[in-house]
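In this text, residue positions in the sequence shown follow UniProt numbering: the first is 1, and each later residue adds one.
We treat Cβ as the ideally placed atom computed from N, Cα and C, and that holds for glycine.
As structure tokens, the structure follows; a few thoughts come after it.
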Amino acid sequence: MQATATVLVYSDNAHTREQVRLAVGRRPAADVPPVEILECATAPAVLTALEQGGIDVCVLDGETAPAGGMGVCRQIKDEIFQCPPVLLLIGRPQDAWLATWSRADAAVTHPLDPVAFADALASLLRRRALVQA
Numbered sequence: 001m002q003a004t005a006t007v008l009v010y011s012d013n014a015h016t017r018e019q020v021r022l023a024v025g026r027r028p029a030a031d032v033p034p035v036e037i038l039e040c041a042t043a044p045a046v047l048t049a050l051e052q053g054g055i056d057v058c059v060l061d062g063e064t065a066p067a068g069g070m071g072v073c074r075q076i077k078d079e080i081f082q083c084p085p086v087l088l089l090i091g092r093p094q095d096a097w098l099a100t101w102s103r104a105d106a107a108v109t110h111p112l113d114p115v116a117f118a119d120a121l122a123s124l125l126r127r128r129a130l131v132q133a
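Shown next as structure tokens:
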């Protein structure tokens, strides 16, 4: 198991980024590595971080403006070689089809349910570890 996993969190809302940090805690599950959070408030910061590498999972807020997480997700899936898995935060369950359109690997709704969020993140971290092995 790797020493730590880096999770990029994109939201223009500091409260949303804080909720993600609190839901993750030190690690989302016992069988995944501890998590380091890299916060981004703008889409260009997300692209720069992904180009530098080392990101294991992206958490993108679909409610962010002006560049929403769904559009950013679709863009990075098209433009980033071996794009890490993406967990999309959506405003309501009915937006799940938009998460599918954006090519997100998983989606959870606002307000964050810490247990559901941690489960989804841990699942993506496990999948990423299998791909890298």
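- Here residue 37 is near residue 21, since their CB atoms are less than 8 Å apart.
- Exposed is the label assigned to residue 4, since fewer than 16 other Cβ atoms lie within 10 Å of its Cβ.
- Relative to residue 43, the option among 120, 58, 113 and 127 whose CA is nearest is 58.
- The shortest C-alpha to C-alpha distance from residue 55 to any of 76, 30 and 12 is the one to 76.
- Rounded to the nearest angstrom, the gap between the Cα atoms of residue 28 and residue 51 is 25 Å.
- Comparing alpha-carbon positions, the option among 14, 108 and 30 lying closest to residue 40 turns out to be 14.
- If you check the CB distance, residue 109 and residue 61 do not come in under 8 Å.
- Assignment of residue 100 by DSSP, reduced to helix, strand and coil, places it in the helix class.
- Beta-carbon to beta-carbon, residue 121 and residue 19 are separated by about 13 Å, too far to satisfy the 8 Å threshold.
- Between residue 83 and residue 102, the C-beta spacing is not below 8 Å.
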